[in-house]
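Chains as they are written, first to last, in my numbering: chain A, 4 to 477; chain B, 744 to 1056. Structure first, then comments.
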Amino acid sequence: MGNTPLAFDEMMNADTNPRQPYENYHEWYEGQDRARLIAKSRDAENLFRKTGITFAVYGHEDSSEKLIPFDIIPRIISGREWRKLAQGIEQRVIALNAFLDDIYHKQEIIKAGRVPRELIERNVAFLPQMIGFKPPGGVYTHIVGTDIVRTGEDQFYVLEDNARTPSGVSYMLENRETMMQMFPELFHLNKVRPVEDYPKTLRQSLASLAPPGCSGKPRVAVLTPGIFNSAYYEHSFLADMMGVELVEGSDLRVVDGKVKMRTTRGYEAIDVLYRRVDDDFLDPLTFRPDSALGIPGIMDVYKAGNITIANAPGTGISDDKAIYSYMPEIVEFYTGRKALLENVPTWRCSEEDSLKYVLEHLSELVVKEVHGSGGYGMLVGPTASKKECAAFAEKLKARPSNYIAQPTLSLSTVPILVNKGIAPRHVDLRPYVLVSDKVQIIPGGLTRVALKEGSLVVNSSQGGGTKDTWVLED
Amino acid sequence: MLGRTANGLYWMFRYIERAENIARLIDAGLRMALTRSGSTDEDWDGVLQSAGVREDFDEVHEKLTSADAIDYLLRDRANPSSVMSCIDFARNNARMVRTALTRETWEATNECWIELKLALSKRVKPADMPEVIGTIKRCTALIRGAFHGTMLRDDIYNFSRIGTFIERADNTARILDVKYYVLLPAIAKVGSSLDNKQWESILRSVSAHRSYSWVYDGDYSPANIADFLILNDRMPRSLGYSYDKIVSNLGYLAKLYGDNHAAHETASATLMLLRSRTMDDIMEQGLHEFIEEFIVHNNRLGEEISEGYRFYR
């Protein structure tokens, strides 16, 4: 640990005055009774439990539904900071889509020697079925959640591009709703840019990319693996807020070249499917034959131009952790400009020199599985024991290409409410981006916060919490 | 609407109805135990039968005691019809059809689940029984209130109501099926205190001991009790009232969708039967036979609805 004192505090300056975006909030906070805030905080938890905003934790039998802890102190970003971030995110998302289009068509980036061929073609996230196919509107990744961390006043890094099925947007919306209910006065004191249009914008964005075979008003649906999926709450929430059907694989069937859902009056066609089911499970005829979550034959319908699948199958190749280290090259290759947002320096353990360096500096680095997610299967060197490091080193040597390593960044902190008052905790940020014929970025996003003192792991599956995230109008 | 959603709504409301009815049966059983001297364990035999779980109970218990019977009916998850199982199923179905429910209906259901999970986490002490029964009735009443106060009167509403009334008709018929012999005029020793208690217990298990007095001027007679539970179209738990609701909700669906199914014919035929018969006719045919036939028809109707509206296929 030991990185907390050095971390950039987003609320307070070193001289104990608040930073500019937090000025109004700080003044308000100073006038609050702490006991009242703690009581409010408990109210918030009850509200979430009552609403059923829960997620399932796999492998916990008795407590299969958990709440994500919510902290009532908002994370505040100035308009100026946001504009800079938004430009960088937009550039990156445009590059991701261009990259996907390229590797499933001409593969110019490979021919130009900027990205190694085997990295793409031997990657399980690369789907040969997508070669030569252009999805409706040429959009591959319709919904992106770009994970960003901050280390200083002007230092932002992209940690991950979640280009397959980023989750958490329901928490962004519910957190705001909760804050507005609990502290309406704060929204008079601060001009906070709204986020509540997200479901409407998402629906419009999806409908605007209806397939060529759609005549009339496009019918949108959300595909969920079902009520036992960890993100089921979010799936039902989004379908509800968008006013579209929430379907499961068992509701769908290919009839007369269209994907149709079984209704009380018979089968009705779906034009755009926002699927929250992984590629592998999407079509048992094309991918995993044992999948009960998908729709047999949907890939044929897709390729015939009779359904839009969002995000497109095969987008995983662009947010793969092995590809991540090439993102600066990828952004420059397709946009002709240097990446506005920096990448975290990354060692690819598949390269001999890098592996050597990583093994020698294991106690300083964060090592991640190339295909991992949710904070599982990673090593946080500075907080790991010698024994854990040694055990991890063996895994690393056995399958070096399965890992990448990054320096432990001193993530910025925002205070959380604790019994004694407030205390700084490390945060990250996941803004949500919608891509259609334009790129729309929702101002703010989901701030995840590590609740344990000194911890850098913000994942909800590992005890992280969330905050409402404000982008100010300025 | 998705066929799966219609199915989820139908079962969500069947389970809520069942949870409430099981609570009522337990309530009536407890009442019987209070007003009778001596061993009361055998009274629970009838309660378990009315709940349709008599044989299942024997599979997990060697002998019948009131404490085990109550626990089995209230909280045993091995019993798919225990109050806790019903609320689990109801809430799982509600989660599945979340997008079809108003926020109020969903939250009432979710809160019911949270509250009952807590109240039923341990064996309930006899002293706490009235409070727990009260909690179950209150929680399910809140769901019903939120549902009626906020839901649009469309097909979502119709499938939910049909689920409620198919279950209710089934439950009332089962109570009659178990206790029919107390209502037979030939056998009944009118005026004996035992029969009075039995009759009151029947009425109590459908929360109708007060309303019965209003309608029949407090005159306990087996024919009147049977009439109240079977034919009376103002008694909200009678077979007649339930079928009136089922037929009208099926009628709305037929109008909305523009087609009829086998279910419409079956439901109308049953309603016609209930409307055209008198209690004397039924007694002549045989009360027991009448009820058994009703249960069979009611089950068939459930299947026809699930087929006609593509619940599963």
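By construction, the Cβ of each residue, glycine as well, lies at the ideal position given by its N, Cα and C atoms. Predicted model, so just to flag it, every value in this text is computed and none were measured.
Of the residues the options, the one placed nearest residue i, counting alpha carbons only
| i | options | result |
| --- | --- | --- |
| isoleucine 830 of chain B | B/Met1022, B/Asp898, B/Ala810 and B/Leu859 | B/Leu859 |
| aspartate 259 of chain A | A/Glu248, A/Ala307, A/Ala242 and A/Val247 | A/Ala307 |
| leucine 946 of chain B | B/Leu927, B/Asp976, B/Arg980 and B/Tyr924 | B/Arg980 |
| aspartate 281 of chain A | A/Ala42, A/Pro131, A/Leu226 and A/Tyr329 | A/Leu226 |
| lysine 865 of chain B | B/Thr878, B/Asp1023 and B/Leu817 | B/Leu817 |
| isoleucine 905 of chain B | B/Ala762, B/His952 and B/Asp987 | B/Asp987 |
| tyrosine 900 of chain B | B/Met775, B/Asp786 and B/Leu993 | B/Leu993 |
| proline 77 of chain A | A/Glu476, A/Glu335, A/Tyr32 and A/Leu212 | A/Tyr32 |
| tyrosine 174 of chain A | A/Ala166, A/Asn126, A/Ser239 and A/Asp164 | A/Ser239 |
| glycine 468 of chain A | A/Val438, A/Ile419, A/Arg120 and A/Pro21 | A/Ile419 |
| glutamine 941 of chain B | B/Arg838, B/Tyr955 and B/Lys922 | B/Lys922 |
| glycine 795 of chain B | B/Trp849, B/Ile1038 and B/Thr852 | B/Ile1038 |
| asparagine 1042 of chain B | B/Ile909, B/Gly983, B/Ala851 and B/Arg747 | B/Ile909 |
| tryptophan 473 of chain A | A/Leu176, A/Ala38 and A/Asp322 | A/Leu176 |
| serine 81 of chain A | A/Arg45, A/Asp157 and A/Arg278 | A/Asp157 |
Delimiting residues of the alpha helix (DSSP H) encompassing residue i
| i | result |
| --- | --- |
| glutamine 207 of chain A | 201-210 |
| leucine 241 of chain A | 235-245 |
| aspartate 431 of chain A | Segment 424-433 is the beta strand (DSSP E) holding aspartate 431 of chain A; no alpha helix (DSSP H) there. |
| asparagine 309 of chain A | That residue, asparagine 309 of chain A, is in no alpha helix (DSSP H); it is neither H nor E in DSSP. |
| valine 875 of chain B | 872-893 |
| aspartate 897 of chain B | Aspartate 897 of chain B -> no alpha helix (DSSP H), and no H or E assigned at all. |
| tyrosine 277 of chain A | Looking at the DSSP string, tyrosine 277 of chain A is not in any alpha helix (DSSP H); the run it does join, the beta strand (DSSP E), is 275-278. |
| valine 990 of chain B | 982-1000 |
| arginine 83 of chain A | 82-106 |
| threonine 848 of chain B | 846-862 |
| arginine 953 of chain B | 952-959 |
Span of the beta strand (DSSP E), counted from its first residue to its last, around residue i
| i | result |
| --- | --- |
| asparagine 405 of chain A | Per DSSP, asparagine 405 of chain A belongs to no beta strand (DSSP E) and is neither H nor E. |
| arginine 556 of chain A | The displayed coordinates of chain A run from 4 to 477. Any statement about residue 556 of chain A would go beyond what the structure contains. |
| valine 361 of chain A | Run containing valine 361 of chain A: none in the beta strand (DSSP E); it sits in the alpha helix (DSSP H), 355-363. |
| lysine 806 of chain B | From DSSP, lysine 806 of chain B is part of no beta strand (DSSP E); its letter is neither H nor E. |
| asparagine 165 of chain A | 158-165 |
| arginine 256 of chain A | 255-258 |
Beta carbon of residue i nearer than 7 Å to that of residue j
| i | j | result |
| --- | --- | --- |
| leucine 842 of chain B | alanine 210 of chain A | One detail in the question is off: residue 842 of chain B reads as threonine in this sequence, not leucine. No, these two residues do not count as a Cβ contact at 7 Å. |
| valine 875 of chain B | alanine 862 of chain B | yes |
| asparagine 346 of chain A | threonine 144 of chain A | no |
| lysine 371 of chain A | isoleucine 407 of chain A | yes |
| isoleucine 310 of chain A | valine 262 of chain A | yes |
| isoleucine 444 of chain A | isoleucine 92 of chain A | yes |
| aspartate 150 of chain A | arginine 351 of chain A | no |
| tyrosine 435 of chain A | glycine 448 of chain A | yes |
| isoleucine 989 of chain B | alanine 1005 of chain B | no |
| asparagine 165 of chain A | aspartate 322 of chain A | yes |
| valine 304 of chain A | valine 257 of chain A | yes |
| methionine 1074 of chain B | aspartate 970 of chain B | Summary: the structure shown does not reach residue 1074 of chain B, with chain B confined to residues 744 through 1056, and so no result is reported for it. |
| arginine 917 of chain B | serine 793 of chain B | yes |
Opposing strand residues paired with residue i [DSSP bridges]
| i | result |
| --- | --- |
| methionine 15 of chain A | A/Pro21 |
| tyrosine 270 of chain A | A/Arg265 |
| alanine 453 of chain A | A/Gly467 |
| valine 195 of chain A | A/Leu475 |
| valine 370 of chain A | A/Leu382 and A/Ala408 |
| phenylalanine 58 of chain A | A/Lys69 |
| tryptophan 350 of chain A | A/Ala408 |
| glutamine 483 of chain A | In the structure as shown, chain A begins at 4 and stops at 477. Residue 483 of chain A is therefore absent and cannot be evaluated. |
| arginine 78 of chain A | A/Thr472 |
| proline 418 of chain A | A/Pro427 |
| valine 225 of chain A | A/Leu249 and A/Tyr277 |
| valine 313 of chain A | According to the sequence as given, residue 313 of chain A is alanine; it is not valine. A/Tyr277. |
Neighbour-count burial assignment, residue i, 16 or more Cβ in a 10 Å radius
| i | result |
| --- | --- |
| asparagine 750 of chain B | buried |
| tyrosine 1055 of chain B | exposed |
| serine 170 of chain A | buried |
| tyrosine 924 of chain B | exposed |
| serine 218 of chain A | exposed |
| phenylalanine 284 of chain A | buried |
| methionine 775 of chain B | buried |
| glutamate 760 of chain B | buried |
| lysine 400 of chain A | exposed |
| methionine 1015 of chain B | exposed |
| glutamine 1028 of chain B | exposed |
| glutamate 854 of chain B | buried |
| lysine 220 of chain A | exposed |
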